[in-house]
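Peer 1: Numbering (this note's numbering) for the sequence shown: 16 to 658.
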Amino acid sequence: MKRFLTKWSFSLFLLVGMTASMVAQKMVSGSVTDAANGDALIGANVLVKGTGLGTITDIDGTYSLKASEGDVLVFSYAGYTDQEITVGTSTTVNVSLSAGRLLDEVVVVGYGTQKSKEVTGSVVSVKREDFNAGNVNSPAQLLQGRVAGLTVSRPGGDPNGSFGIRLRGLSTIGAQTEPLIIVDGVPGASLSNIDPQDIESFDVLKDGSAAAIYGTRGSSGVILITTKKGKKGTSNVEYNGYVSNESIAKLPAFLTASEFKAAGGIDAGGTSDWYEEISQSELSHSHNLSLSGGAGNTSYRASFNIRDMSGVVLNTGFKQMNGSLSLSQKAMNDKLNVSLNMILTNRDTRFGFPEAFRYASIINPTSKVFLDGGGYNNPSGFDVFNPVAIANQINDAQKAELLANITASYEIVTGLKLTGSYAKQKFNTLFGEYYAKNSVYRQGVSRNGVARRITDVGQNDLYEATLAYTGEAGKLTYTVLGGVSSQDFVFEGQGIEAGGFLLDAFTYNNIGASSEVLKGLANTWSYNNGYALQAQFARLNLNHDDTYFLSASVRREGSDRFGADNKYGIFPAISAGVDITKLTDLNNVDNLKLRVGYGVTGNLPGESFLGYSIFSPGAQFFYNGEFVPSYGPTTNSNPDLKW
16 MKRFLTKWSF SLFLLVGMTA SMVAQKMVSG SVTDAANGDA LIGANVLVKG TGLGTITDID
76 GTYSLKASEG DVLVFSYAGY TDQEITVGTS TTVNVSLSAG RLLDEVVVVG YGTQKSKEVT
136 GSVVSVKRED FNAGNVNSPA QLLQGRVAGL TVSRPGGDPN GSFGIRLRGL STIGAQTEPL
196 IIVDGVPGAS LSNIDPQDIE SFDVLKDGSA AAIYGTRGSS GVILITTKKG KKGTSNVEYN
256 GYVSNESIAK LPAFLTASEF KAAGGIDAGG TSDWYEEISQ SELSHSHNLS LSGGAGNTSY
316 RASFNIRDMS GVVLNTGFKQ MNGSLSLSQK AMNDKLNVSL NMILTNRDTR FGFPEAFRYA
376 SIINPTSKVF LDGGGYNNPS GFDVFNPVAI ANQINDAQKA ELLANITASY EIVTGLKLTG
436 SYAKQKFNTL FGEYYAKNSV YRQGVSRNGV ARRITDVGQN DLYEATLAYT GEAGKLTYTV
496 LGGVSSQDFV FEGQGIEAGG FLLDAFTYNN IGASSEVLKG LANTWSYNNG YALQAQFARL
556 NLNHDDTYFL SASVRREGSD RFGADNKYGI FPAISAGVDI TKLTDLNNVD NLKLRVGYGV
616 TGNLPGESFL GYSIFSPGAQ FFYNGEFVPS YGPTTNSNPD LKW
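#1: So for E370, helix, strand or coil by DSSP?
#2: Straight-line CA distance for F504 to A547?
#3: If the criterion is Cβ atoms closer than 9 Å, does the pair V465 and G514 meet it?
#4: Report yes or no: do the stretch 430 to 444 and the stretch 392 to 408 share at least 3 C-beta pairs separated by less than 8 Å?
#5: Where P648 and L609 are concerned, what is the direct C-alpha to C-alpha distance, given to the nearest angstrom?
#6: What three-state label does DSSP hand N463 in the structure shown?
#7: Do Y484 and L431 count as a contact pair if the criterion is CB distance below 9 Å?
#8: Please classify V428 as buried or exposed, where buried requires at least 16 neighbouring CB atoms within 10 angstroms.
#9: Tell me which same chain residues have a C-beta within less than 6 Å of the C-beta of P394, skipping the five on either side of it?
#10: Buried or exposed: where does T135 fall if 16 or more other Cβ atoms within 10 Å of its Cβ makes it buried?
#11: Looking at the unbroken alpha helix (DSSP H) that takes in G223, where does it start and where does it end?
#12: Return helix, strand or coil for D145, following the three-state DSSP convention.
#13: Have a look at G640, R576, Y229, S631 and flag the residue whose alpha-carbon is nearest the alpha-carbon of E622.
#14: Using a Cβ-Cβ cutoff of less than 8 Å, which residues in the same chain neighbour I71 once the five nearest sequence positions on both sides are dropped?
#15: Classify F646 as helix, strand or coil using the three-state DSSP reduction.
#16: Can you check whether the CB of V328 is closer than 9 Å to the CB of A371?
#17: For V472 versus E448, is the C-beta spacing smaller than 9 Å?
#18: Taking the alpha-carbon of T107 as reference, which of L477, S83, G279, E416 has the nearest alpha-carbon?
#19: Residue range of the alpha helix (DSSP H) that L157 falls in?
#20: Consult DSSP for L625 and reduce its assignment to one of helix, strand or coil.
#21: Hey, Q344 and T364 are a contact pair by Cβ (cut 8 Å); roughly how many whole angstroms apart?
#22: CB-CB under 7 Å to L266, same chain, minus the five flanking residues each way: which ones, in chain order?
#23: Do the stretch 280 to 299 and the stretch 218 to 237 make contact, defined as three or more Cβ pairs closer than 8 Å?
#24: Given the structure, does N525 come close to the ligand ZN, in the sense that its CB is under 8 Å from one of the ligand's heavy atoms?
#25: Below 9 Å between beta carbons: does that hold for D519 and K452?
#26: Leaving out the 5 sequence neighbours to the left and right, which residues in its chain are closer than 7 Å to F368 when beta-carbon positions are compared?
#27: Checking 9 Å against the spacing of the C-beta atoms, do E261 and G326 come in under that value?
#28: Cβ atoms of A283 and N688: under 9 Å apart, would you say?
#29: CB T444 to CB T470, shorter than 9 Å?
#30: Following the continuous alpha helix (DSSP H) through F516, name the residue where it begins and the one where it ends.
#31: Using only CA atoms, which one of R362, N401, I511, N618 lies nearest to P174?
#32: Quick test of the definition: if touching needs 3 or more C-beta pairs under 8 Å, does the stretch 613 to 630 touch the stretch 574 to 588?
#33: The alpha helix (DSSP H) spanning V403 covers which residue range?
#34: Taking buried to mean at least 16 other C-beta atoms within 10 Å of its own C-beta, is Y229 buried or exposed?
#35: Please check the pair V167 and F178, which I expect to be a contact at CB under 8 Å, by giving their CB distance rounded to whole angstroms.
#36: With DSSP as the reference, please indicate the residues paired to G545 in a beta bridge.
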């Protein structure tokens with residue numbers, strides 16, 4: 016697939032006034048090497064400061080990108096000190112990066128932070144300067160290739176296709192196989208609810224000793240996402256925009272109409288390039304505008320994003336709008352800190368019908384798209400359909416999501432902090448399909464039009480509280496944390512499918528006019544279910560003279576998805592490390608840590624009521640002059656179902 020990308024990006028800094036300038040861009044190239052030995056640094060980031068425009072170095076450590084004279088290029092590489100170079104008249108900028116000590120860098124872990132040197136579990140922190148640059152449409156793309164053992168993949172080029180994320184392979188079967196996503200402390204958030212431009216950092220908990228603090232949902236690892244926040248000082252307005260175009264780079268070789276006839280194929284009287292007929296090459300674009308700043312004890316950041324992405328298949332793509340707000344307020348001599356984070360998302364999706372490509376590869380190339388008198392030319396035969404007719408049916412969705420949380424922390428005495436938080440996640444999704452009266456595909460013709468409309472609604476409420484104390488005793492620094500967590504989930508939905516319409520105009524928005532509804536023949540369904548999680552947890556971190564480190568945690572968590580006699584499980588973890596460089600002098604080695612860890616994590620069942628006896632409708636029997644439906648058990652109760 017080809018992608019042609021153009022980008023506009025600028026920043027406005029509100030000082031006394033605003034100034035803007037337009038400078039001609041030129042191609043700047045060069046190399047990035049290790050200052051100590053001159054080796055090429057592969058995959059180093061090169062970004063134009065204040066924008067999302069950038070690139071990474073290739074296998075030879077070289078790069079090239081468009082920049083204007085006066086732009087500041089930021090060169091970064093994991094484990095090295097960033098360097099900034101202002102573009103001058105030269106088109107060549109070579110940079111040597113020096114290894115930097117990252118031991119005091121703060122890493123986000125479960126329910127808190129630690130200095131990098133103190134971490135004893137397998138935790139990887141990816142900051143914004145290390146993100147993949149360019150036209151990124153999903154937060155998962157920012158991490159692609161940045162964390163050892165983390166695989167990010169997306170099948171095909173469908174913009175609606177979800178990214179697959181695997182951490183250290185497949186760790187479980189038949190349940191949650193992707194890492195738990197936590198956004199600003201809220202577990203279970205959706206990646207599609209966050210705009211990549213709003214993310215500040217990722218912290219990946221890779222092993223059991225690091226992830227066990229999240230108990231039942233940590234078996235496939237944990238990814239903690241921290242969004243951008245406002246900072247005190249000058250207000251900053253920033254805009255980033257992309258325009259791109261995608262097209263199919265290479266198609267399979269098929270017989271043309273003339274070649275098909277020459278090979279003895281049946282001449283249907285037309286000439287059609289079916290792949291061309293069902294393909295599209297439309298512009299995609301993204302725009303992000305943010306305002307951030309702070310004054311006194313208040314800081315803020317607000318952003319708005321519009322993303323319009325088109326797929327290569329006819330009638331595929333999505334339009335998404337994101338709005339986010341972050342507020343932070345300190346009071347009582349900075350002992351009290353209250354923060355609010357909110358993300359709103361609205362997404363209109365055109366799923367289309369990717370199977371149209373399959374039928375384009377098997378249909379007669381001499382068939383016409385449309386009949387001479389109008390209407391689709393529907394070929395005869397088993398499992399053969401007009402690909403254009405398929406692609407022009409309706410398969411849409413509209414989804415609205417909310418992620419909001421408020422957190423308050425208070426320092427009771429020096430080193431002792433009490434924190435409480437509440438978070439709500441909510442979504443409302445409408446799926447709609449319509450197969451027109453002239454559509455042979457999916458029984459549109461035989462049923463005089465077919466409509467399907469499904470509504471899914473869900474929400475969860477999270478309540479958490481922690482009490483943490485940090486103190487010192489001689490050369491020993493310690494942090495003790497204890498907390499409780501409660502999260503309730505509710506899901507419900509309903510759907511209807513019916514056929515028999517006078518007109519196609521209302522598609523799936525007027526199913527009540529269906530003749531099948533009036534005759535009582537419509538297919539309807541509904542559901543309502545949910546589950547709850549209750550947990551208590553504790554952790555102890557020890558640091559002796561910045562040389563010996565120990566971390567131990569335990570989480571007791573219960574879920575009503577398990578049997579009545581085994582709702583709770585215990586998830587302990589312990590890890591230790593020693594800084595070898597503090598015990599012996601190693602030339603040219605700044606950081607060498609030996610660590611060992613052990614942890615127990617769990618995994619929730621994929622559905623509720625597995626421990627209960629379930630009754631479902633069965634055969635009908637004749638009783639008292641009428642047929643009465645029967646009900647019988649389909650699963651037996653299992654009160655001993657456990658972790």
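Here a beta-carbon is modelled for each residue, glycine too, at the ideal position from N, C-alpha and C.
Peer 2: In short, the structure shows the following:
#1: For E370, the three-state secondary structure derived from DSSP is coil.
#2: 6 Å
#3: yes
#4: Verdict: no, contact absent.
#5: 56 Å
#6: Assignment of N463 by DSSP, reduced to helix, strand and coil, places it in the coil class.
#7: yes
#8: Exposed.
#9: Result list for P394: S382, in chain order.
#10: In summary, T135 is buried, with 16 or more beta-carbon neighbours lying within 10 Å of its beta-carbon over all protein chains present.
#11: 223 to 226
#12: D145 falls in the helix class under three-state DSSP.
#13: R576
#14: G58, A59, N60, V61, Y78, N147, A148
#15: Reading off the sequence, residue 646 comes out as Tyr, not Phe. It is a strand residue.
#16: yes
#17: Not closer than 9 Å, so no.
#18: S83
#19: 154 to 158
#20: Of the three classes helix, strand and coil, the one that applies to L625 here is coil, per DSSP.
#21: With 8 Å as the limit, Q344 and T364 do not qualify as a contact, their Cβ atoms being about 37 Å apart.
#22: So the list reads Y290, once near-sequence residues are dropped.
#23: These segments do not touch.
#24: Ligands displayed in this structure: none; no statement on the ligand ZN is therefore possible.
#25: yes
#26: Here the set comprises I405, A406, Q408, N410.
#27: yes
#28: Nothing can be reported for residue 688: it is not among the residues displayed for the chain, which extend from 16 to 658.
#29: A contact, by the Cβ cut-off of 9 Å.
#30: Segment: none, F516 is in no alpha helix (DSSP H) and carries neither H nor E.
#31: R362
#32: yes
#33: 402 to 406
#34: buried
#35: Between V167 and F178, the beta carbon gap of about 6 Å places them in contact (Cβ cut-off 8 Å).
#36: G545 is bridged to V505.
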